[in-house]
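Residue numbers (UniProt numbering): 1 to 435. Here the structure is laid out as C-alpha cells; the discussion comes afterwards.
See below:
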C-alpha cells in the first residue's frame, strides 16, 4: 500500500475558520488556570497533614482529599497525598510498618492487658492501637489474639449471646437534631454513676461524665451545659426517659428563630426501652470498658482499702474519679473513631466513623442542626449550674483536696494508670498519715 500523502496547507485558506482542532479559542480552559489553588509544597501543609493524621488516625486517602477540599478549598490528588504521607513517615495502612515483629507483639499484648474480660475483637484492638499511633495489621493482631486469648473469640461469638430485640430503623435530619440522654447505673455499686449524651443522627458520643450520682437534676443540668459548651450550642430537641433530665426551653427560644421551631417539642420523654440512641450504647460501654475498669478497681479493695477509714475513702475517690473519667474519655474517642461498615439499608450514615460523619455531614446526606449559642452565655449559665450542683458533684471534701494535692506533689506527681492506681493510693495514704 502506498504511503498516504501529507496534506499541504492551502495558502489561500483561512486556517482559523474551519479548523476543528482544539485551540485557545474553543478550549474548555483557554487560560490554562485551574479553578482550585495549586497544591502547596509539603513544607507548607506538613503540620496540617500531621494534625489530620493525629485527630483521625483511621483516615483513608479519600478522607484526606475531602478534608483539604472542605476546610481549605485545596484539591489534592490521591497520589500526591500518598507521597506526602510517605515523606512524613505517616501511613493510612499498616503495610508500611517497619516496626520489629517482636515489638508489634508486645504492643498488642500490652493492649490486651487493658481488657482482662476479653471484650474486644481484633478490629477494635487495631483501631485502639491506631489512635495511639501504632499501625499494626489486623492479621497480625488476630494471630496474636488467637495465640494468647483464644477463649476470647468464643466469648464474643454472637451465637453464644442473647439475641437483642429487633427495632424500627432510626431517622434524623443531621447532627444535633436530637440529643439522646440517660444515666447508666451498672457501676453505681462501686460508687461511680455515669451520665451520657449521644447524638441520634450519627451515634456520636457527645459528652459522658463520671459522677458520684447521676440522679440529681442539678447535676444533669451541668452535664448538659458542659456538652453545649463543648459543641458551641444546643440541639433542636432533647430526649430522655422520665428521670431528672434538664429542659431549658428558654435557651432554645432565644436562639432558634425559625418557623419550624414551634412545631418541634423542646423535649421528648421516652421509656428507657425506646430511648434507643443512648440506650444502645450502654451495653458496649459496660461490657467493653466498664467491666475492665471495675476489675482493676476491685482488685485493690481487699488488699489496700480499709472500710470506714476516712483517709482511705477520700484518697480512693481522689484517685479513681479522675482516672475513670480519663479512661471514659478514651473510650468515647475510640468509639467516635470506630469505622462503621457501609449498610445500604440503614437510614442514618454508615461507611465511615462518627467523627467523619460530623466533620462533613453533607457527604453523608446530613444537615447540621446545631442551634448556636454565644460562648459567654453558656459560660455564665454553666458557672451558676456548677455552683448550685457543687455538693452533689464533689467526690472529696474541699479541704482534703488541698491535702491530697500536697501529698501527690510530694511523691513527684507519678502518672496514675488503672494498673498502678492502688500502688499510688498506698503511697499517698502513707504520705497523708505523716503530714
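Beta carbons are placed, not taken as given, at the ideal position from N, Cα and C, and that holds for glycine. Computed from a predicted structure; not experimentally measured.
- Between the C-alpha atoms of residue 232 and residue 177 there is a straight-line separation of about 14 angstroms.
- Judged by DSSP in its simplified three-state form, residue 341 adopts coil rather than helix or strand.
- In the three-state DSSP reduction, residue 393 falls in the helix class (H, G or I).
- In this structure residue 129 does not touch residue 334 by the C-beta definition: roughly 10 angstroms separates them, more than the 8 angstroms allowed.
- A buried status is given to residue 120, since no fewer than 16 other beta-carbon atoms sit within 10 Å of its beta-carbon.
- By the Cβ criterion, the stretch 187-196 is not in contact with the stretch 357-370, since fewer than three pairs of Cβ atoms, one from each stretch, lie closer than 8 angstroms.
- In this structure, DSSP gives residue 99 a state outside helix and strand, which the three-state scheme calls coil.
- A residue is called buried once 16 or more other Cβ atoms fall within 10 Å of its Cβ, and residue 146, having fewer, is exposed.
- The Cβ atoms of residue 240 and residue 286 do not sit closer than 8 angstroms to each other.
- Secondary structure within the stretch 330-379: the alpha helix (DSSP H) runs of 4 or more consecutive residues, fully enclosed, are 354-359 (chain order).
- A distance below 8 angstroms between beta-carbons, with the five flanking residues on each side excluded, links residue 193 to the following residues of its chain, in chain order: 183, 184, 185, 187, 210, 211, 212, 213, 214, 215.
- Short of 6 angstroms from the beta carbon of residue 364, and not among the five residues preceding or following it, lie these beta carbons of its own chain, in chain order: 349, 357.
- Under the DSSP definition of a beta bridge, residue 269 partners with 240.
- In the displayed model, residue 176 falls within coil according to three-state DSSP, outside both helix and strand.
- In this structure residue 338 touches residue 127 by the C-beta definition: roughly 6 angstroms separates them, less than 8 angstroms.
- DSSP places residue 61 in the helix class (H, G or I) of the three-state scheme.
- Proximity to residue 331 across 261, 300, 290, 83 peaks at 290, based on C-alpha coordinates.
- Residue 225: member of the alpha helix (DSSP H) spanning 217-231, first to last residue.
- The stretch 104-124 makes no contact with the stretch 67-80: fewer than 3 CB pairs, one atom from each, lie closer than 8 angstroms.
- Residue 278 carries a helical assignment under DSSP once its states are collapsed to helix, strand and coil.
- At a Cβ-Cβ threshold of 8 angstroms, residue 198 and residue 277 count as neighbours.
- For residue 50, the enclosing alpha helix (DSSP H) begins and ends at 42-55.
- Rounded to the nearest whole angstrom, the CA to CA distance from residue 341 to residue 54 is 22 angstroms.
- Per the C-alpha coordinates, the member of 374, 409, 114 positioned closest to residue 252 is 374.
- In this structure, residue 435 lies away from residue 408, with their beta-carbon atoms at least 8 angstroms apart.
- By the beta-carbon neighbour count (other beta carbons within 10 angstroms, threshold 16), residue 139 is exposed.
- About 14 angstroms separates the beta carbons of residue 87 and residue 48, which is beyond the 8 angstroms limit, so they are not a contact pair.
- DSSP links residue 181 through a beta bridge to 197.
- Per DSSP, reduced to three states, the secondary structure at residue 209 is strand.
- DSSP, reduced to helix, strand and coil, places residue 234 within a strand of the structure shown.
- Within 10 angstroms of the beta-carbon of residue 322 lie fewer than 16 other beta-carbons, which makes it exposed.
- With fewer than 16 other beta carbons inside 10 angstroms of its own, residue 405 counts as exposed.
- The shortest CA-to-CA distance from residue 416 to any of 384, 326, 362 is the one to 326.
- DSSP, read as helix, strand or coil, puts residue 81 in helix.
- Taking the Cα positions, residue 125 is about 11 angstroms away from residue 288.
- For the options 116, 56, 81, 75, the alpha carbon positioned closest to that of residue 296 is the one of 116.
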